[in-house]
Amino acid sequence: MAYGWGREIGRAADVGGLAMPVKHPQIRVRLAGPANDFCILDNVTKALRKAGVPAEEIDQFCDQALAATEKDLLQICGQWVTLFRD
């Protein structure tokens, strides 16, 4: 999946060449400026909590995200929520 400026990203995450639907497409997380991995992880986790996603599911997201490489973090986040940039 290509991540670009000025558009919504994360409608379907590209995993191994297969488009996977976003688990919570109604949850939108803005990617602002040069954020580090932990800032992105924190923003997605907060959005999941605010939307009422069960704690067990949030723990599953965190496990996947923390196990990911820096290169794969946005892809993992995009599997869970709709990511966008202004």
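Just so you know, the sequence shown maps onto residues 28 to 113 in the working numbering. Yeah, the Cβ is synthetic: ideal placement off N, Cα and C, and Gly gets one too.
Residue burial classification, A62 (beta-carbon count within 10 angstroms, cutoff 16): For this step, residue 62 is matched to residue 35 along the sequence shown. Around the beta carbon of A62, a 10 Å sphere encloses fewer than 16 other beta carbons of the protein chains shown; the residue is thus reported as exposed.
Candidates R76, I67, I85, V80, of which the one nearest Q102 by Cα: By 1-based counting over the sequence shown, the position of residue 102 is 75. Closest option to Q102, Cα to Cα, is I67.
Element boundaries [beta strand (DSSP E), containing R57]: Here the question's residue 57 lines up with position 30 in the sequence shown. Counting along the chain, the beta strand (DSSP E) containing R57 begins and ends at 51-57.
Span separating the alpha-carbon of L58 from that of L110: The count along the sequence shown starts at 1 and reaches residue 58 at position 31. The count along the sequence shown starts at 1 and reaches residue 110 at position 83. Whole-angstrom Cα-Cα distance: 7 Å.
Unbroken alpha helix (DSSP H) run spanning T109, endpoints: In the sequence shown, counting from the first residue as 1, residue 109 sits at position 82. Premise fails: T109 lies in the beta strand (DSSP E), 108-111, not in any alpha helix (DSSP H).
V71, enclosing alpha helix (DSSP H) - first and last residue: Translated into the one-based positions of the sequence shown, residue 71 becomes position 44. From DSSP, the alpha helix (DSSP H) with V71 extends over 64-77.
Spatially closest choice to W107 from F65, K98, V80, E97, by CA coordinates: Residue 107 sits at position 80 when you count from the first residue of the sequence shown. It is V80 whose Cα lies nearest to the Cα of W107.
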